[in-house]
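Position 10, counted from 1, in the sequence shown is what numbering that gives the first Met the number 0 calls 9; the numbers after and before it change by one each time, with no gaps. Ideal Cβ positions, reconstructed from N, Cα and C, are used throughout, including at glycine.
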Amino acid sequence: MATTEERVSRLEGGFDHLATRADVANLKVWIIGLLLTVVVSVFLSAANLIVRLAA
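Following this line, the structure appears as structure tokens:
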């Protein structure tokens with residue numbers, strides 16, 4: 000019969016592919032940064048278009 004430590008270590012070994020809370024928090028930061036970059040890019044593109052059409 001396996002000891003408690005052996006059973007726990009086998010269970011923990013099977014979860015290597017799952018994301019941790021830190022991974023999820025890091026992903027949220029990246030997504031917010033990406034969205035901010037897209038919004039700024041859209042505004043700059045619109046401003047560039049307005050300036051070119053006005054000239």
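Secondary structure at glycine 13: coil, using DSSP grouped into helix, strand and coil. In this model, glutamate 4 and threonine 19 are separated by some 22 Å (Cα to Cα).
Collapsing the DSSP output to three states places threonine 3 in a helix. Secondary structure at threonine 36: helix, using DSSP grouped into helix, strand and coil.
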